[in-house]
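Protein chains in written order, with this note's numbering: chain A, 1 to 99; chain B, 1 to 118; chain C, 1 to 435. We treat Cβ as the ideally placed atom computed from N, Cα and C, and that holds for glycine. Data block below; observations after.
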Amino acid sequence: MQMQIDRTGGQIAMSGEFTFTDHIPFKQMVTEILAAPGKAVVIDVSKLDFIDSAGLGMLLLARDEAKKSHRELILRRPSGQVKRMFAVTKFNTLFKVEE
Amino acid sequence: MSVAAAVPLIDQDQLELLQAALDPDELRAMLVALPTAAAAGLAAIEAALAAGDLPQARKAAHVLKGSSSSLGAARLAELARMIELELATADEIAAHLPPLGETIGATTDALTRAAERL
Amino acid sequence: MSPVMSTVETTVDDRVVPEGLTDARILIADDDPLCRRLVAGVLRAQKFTNIAFAEGGLSAVEQVRRFRPDLLLLDMQMPDMSGLEVCRQIRAQPDFADAPILVQTATVDRKRMGELFAAGASDFLSKPINPSELIARVVVHLDRWNSLRALRDYRERISGELEAARRMQVELLPDPITLQWAARTADLRIASYNRSSSELGGDLWGMLPINNGAFGIFLADFTGHGINAALNTFRLHALIHEYKGLHDDPGALLSMLNERLVRLLRVGQFATFMYVVVDHRAGVLKCASAGAPPAILIQGANGRARLCDSSGFPLGVERGVRYRTSRRKFPVGSLLLLFSDGLSEFPDATGGRVGDDGLKAALDACGPALTPQEVIQRLCATAGMSDSCPLPDDTTIVCLDRRAMPRSRGQSASGHGSSDRAASQPAANSSHGGR
């Protein structure tokens, strides 16, 4: 998985495959972006090809962290397998998802 | 003898290292024991030469070298090293035995004095 | 200031050997009694007390066997055996294969040194003996050896405990006799496959007998794998059996399990869960799912495989979720496949994944003559998964088959499924119903 972070814009763009092996860099990234001031945090997943249950778990953790800092977490434009996973686990109702 | 001139009788640095690392009674006992061991080594070399067993003579010299060098008897160790490694014939070795005997005597005196100072 | 200066100076000479090292067993092998005494004297002055001696090479080899030293100080040249040979013989003893051997030598011949290292020497000590060098090297090597042994002991203990835990986890799975009984009563065949990516897994499946031959089959998959996920499978197993009254009501069971798990699991942990009650008399399935991969169902002898909607919040994410029960026909001739995402998302040699649709197509290609365990083998092969390949994720597959009776009388009900449970680990395990 690759990540690009835009601190001032409060946005993380993820690409590739999001699995258990990514948990440390992802956590760091979330901590970093929540440390910067702003309102909503957007995770752009449009270039993410694959997510497993560990990846979904990390999104839940990120949502929890965001909530603690009174920020909203938005998932932007899921597609393919990621979109299907969001549908089957109803994550699309748990998170604010922008199409 | 050239060796006698080139190498000091006692390696004072080595003695100081031992003094710093060992119980004084134990060190004294070892310094006093060395001459007896050296005399036994000399006798072993002579016996080996008499039997025409050059390798055995070198082995005896090797043992003598080990204990004497570690206990600071530098010149004695150097003579033993020459017998073990440098001298080619039985005659050459035999020619080195009288100075070896003299060095054992001198070393004994020096170590006894050193032991008394401990 | 002077106090600081003196502290610095004293640390050089009065370096103390760490506690716990001084009871190490040290063997001194030297043919010269004065050298043995000198080395022992230096060690004793540093409070080493457990010292033994060998007067030659042969006796060194023998003493290593009897005294079992933690460290050997070996004179390279002894009359009966060369230091090289002593090293080789000692290294050949399994217990002493890695313990430190410090070789004492006056002659520093580079070629000889290479040979000695190759024969198993750990390090060299110069002669004449330098007491502080001797102590420093002894301490370094004893320390290293102690850490190595501690690590090794730790690893052995942990792997022993993991193995015990693994066996306990295998015991959570349905035992072959119960499966066989259920299959026979319901007049169908059951096959299963369960393999973890490491010793312990986060997958769990089970069979819950209800009544009149009806039974429930569940398949759970916790986030992640390894010990954390495995402990959660034990929790879930206990919870499921706590709510026996709900075993006939999939939606209610899932709702209850969710309420309990939401309170037990940490944020980010959850389980996908599929529960199906099989009522062969009525020819129906009652299903509820918590975000599990879709079950694949072939309805009736002429049916085509299709994916059953399995959407729902995974267990343990949100409070107050009401899971719905859906009903499906399951007449004679039907087949139901449940699987964890370890199968559909297994990356094959080219990194491709078979996916839910790929499995559906593969199931359609399986003729009715195949036994359910053959169906499972086909699906694994389609996913590119072999019994020997390592798995990135825990994988469970359960196949319920009403398509055919056992093909011959010779293949009796007791012929399969009652095999050793360990066999259910890598290979598909099956239970036959019928007569």
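With a threshold of 8 Å on Cβ separation, who are the neighbours of residue i within its own chain once the five nearest residues in sequence on each side are excluded?
i               : result
T10 of chain C  : Its pLDDT being 36, under 50, T10 of chain C is placed unreliably by the model, and the measurement read from it follows with that caveat. Cβ within range, chain order: n/a, list empty.
C87 of chain C  : L74, I101, V103, L116, A119, G120 and A121
Q93 of chain C  : V64 and R65
G224 of chain C : G202 and Q269
F67 of chain C  : R25, L27 and A52
L125 of chain C : L73, L102, V103, Q104, T105, E133, L134 and R137
Within its chain, find whatever has a CB closer than 7 Å to the CB of residue i; leave out the 5 residues flanking it on each side and keep chain order.
i               : result
L200 of chain C : L162, A165, R166, Q169, G226, I227 and A230
G9 of chain A   : none
D364 of chain C : R304 and A305
A77 of chain B  : K65, S68 and S69
A6 of chain B   : none
A60 of chain B  : G41, A44, I45 and A48
E79 of chain C  : For the sequence presented, residue 79 of chain C should be read as Pro rather than Glu. Counting only Cβ-Cβ distances below 7 Å, and skipping sequence neighbours, we find D31 and G56.
G347 of chain C : One point to set straight first is that residue 347 of chain C is Pro, not Gly, in the sequence displayed. Around P347 of chain C: R353 and P392.
E65 of chain A  : V30 and L34
I104 of chain B : P35, A38, A39, L42 and L76
Mapping DSSP to helix, strand and coil, what is residue i?
i               : result
G72 of chain B  : coil
A383 of chain C : helix
A33 of chain B  : helix
S289 of chain C : strand
A369 of chain C : coil
G410 of chain C : Confidence is the limiting factor: at G410 of chain C the pLDDT is only 36, short of 50, which leaves the residue's position unreliable, though a coordinate-based value still follows. Correct three-state label for G410 of chain C: coil.
I376 of chain C : helix
M274 of chain C : strand
V354 of chain C : coil
R195 of chain C : strand
E98 of chain A  : strand
P98 of chain B  : helix
L335 of chain C : strand
T107 of chain B : helix
M3 of chain A   : strand
V103 of chain C : strand
A15 of chain B  : This sequence places Leu at residue 15 of chain B; Ala is not what is there. Of the three classes helix, strand and coil, the one that applies to L15 of chain B here is helix, per DSSP.
G415 of chain C : Any reading at G415 of chain C must be qualified, since the residue scores a pLDDT of 33, below 50, and its modelled position is unreliable; no value is offered.
G120 of chain C : coil
Pull up the DSSP beta-bridge partners for residue i, would you.
i               : result
D279 of chain C : C:V284
D203 of chain C : C:D221
T325 of chain C : Looking at the DSSP assignment, T325 of chain C forms no beta bridge with any residue, so it has no partner.
C399 of chain C : C:A191 and C:L337
R306 of chain C : C:L297
I83 of chain B  : Paired residue(s): none; I83 of chain B is not in a bridge.
L208 of chain C : C:G216
L315 of chain C : C:A271
Q11 of chain A  : A:D6 and A:V42
With a cut-off of 8 Å, does the C-beta of residue i fall near any C-beta of chain F?
i               : result
R110 of chain C : Here chain F cannot be found, since the structure's protein chains are A, B and C.
In chain order, what residues of the same chain have a beta carbon less than 6 Å from the beta carbon of residue i, not counting five sequence neighbours either side?
i               : result
L18 of chain B  : L27
N484 of chain C : Residue 484 of chain C falls outside the range modelled here, since chain C spans only 1 to 435, and no answer is possible.
T59 of chain A  : Here residue 59 of chain A turns out to be Leu, not Thr, going by the sequence shown. The answer is none, since no qualifying residue turns up.
L286 of chain C : Per the sequence presented here, residue 286 of chain C reads as Lys, with Leu not at that position. Cβ neighbours of K286 of chain C beyond the five flanking positions: P250, V277, T325 and R327.
D52 of chain A  : T19
V97 of chain A  : L75
D279 of chain C : A214
G20 of chain C  : none
F50 of chain A  : E17 and Q81
Item checked: Three-pair Cβ contact test at 8 Å for the stretch 23-43 of chain C versus the stretch 133-151 of chain C -> yes
Next item on the list: Indicate whether the contact test is met: 3 or more Cβ pairs, each with one atom in the stretch 27-41 of chain C and one in the stretch 23-30 of chain B, closer than 8 Å.
Entry: yes
Note to self: If we require 3 or more residues per run, which beta strand (DSSP E) segments fall completely within the stretch 10-94 of chain C?
What the structure shows: 25-29, 50-54 and 71-75
Margin query: Within 8 Å, do at least three Cβ pairs link the stretch 107-116 of chain B to the stretch 80-98 of chain A?
Written below: no
Margin query: Taking contact to mean 3 or more Cβ pairs, one atom from each stretch, closer than 8 Å, check whether the stretch 259-271 of chain C and the stretch 293-306 of chain C are in contact.
Written below: no
Check: For the stretch 13-77 of chain A, which segments carrying the alpha helix (DSSP H) assignment without a break, of at least 4 residues, lie completely within its bounds, in sequence order?
Finding: 23-35 and 53-68
Item checked: Inside the stretch 218-253 of chain C only - alpha helix (DSSP H) runs reaching at least 4 residues -> 227-242
Item checked: At least 3 beta-carbon pairs within less than 8 Å: the stretch 315-322 of chain C vs the stretch 248-268 of chain C -> yes
Check: Mind pulling the alpha helix (DSSP H) runs of 4 or more residues that sit fully within the stretch 154-191 of chain C?
Finding: 176-186
Notebook entry, point to check: Given 8 Å as the limit, is there contact between the stretch 53-66 of chain C and the stretch 82-98 of chain B, that is, 3 or more CB pairs closer than that?
Noted result: no
Next item on the list: Decide yes or no for the touch test of the stretch 204-211 of chain C against the stretch 39-53 of chain A: beta carbon pairs closer than 8 Å, at least 3 of them.
Entry: no
Check: Of all the beta strand (DSSP E) runs that stay within the bounds of the stretch 122-156 of chain C, which reach a length of 3 or more residues?
Finding: 123-126
Notebook entry, point to check: Should the stretch 390-401 of chain C be regarded as contacting the stretch 367-381 of chain C, the criterion being three or more beta carbon pairs within less than 8 Å?
Noted result: yes
Next item on the list: Pick out the complete alpha helix (DSSP H) segments inside the stretch 33-57 of chain B, 4 residues or longer, and give them in chain order.
Entry: none
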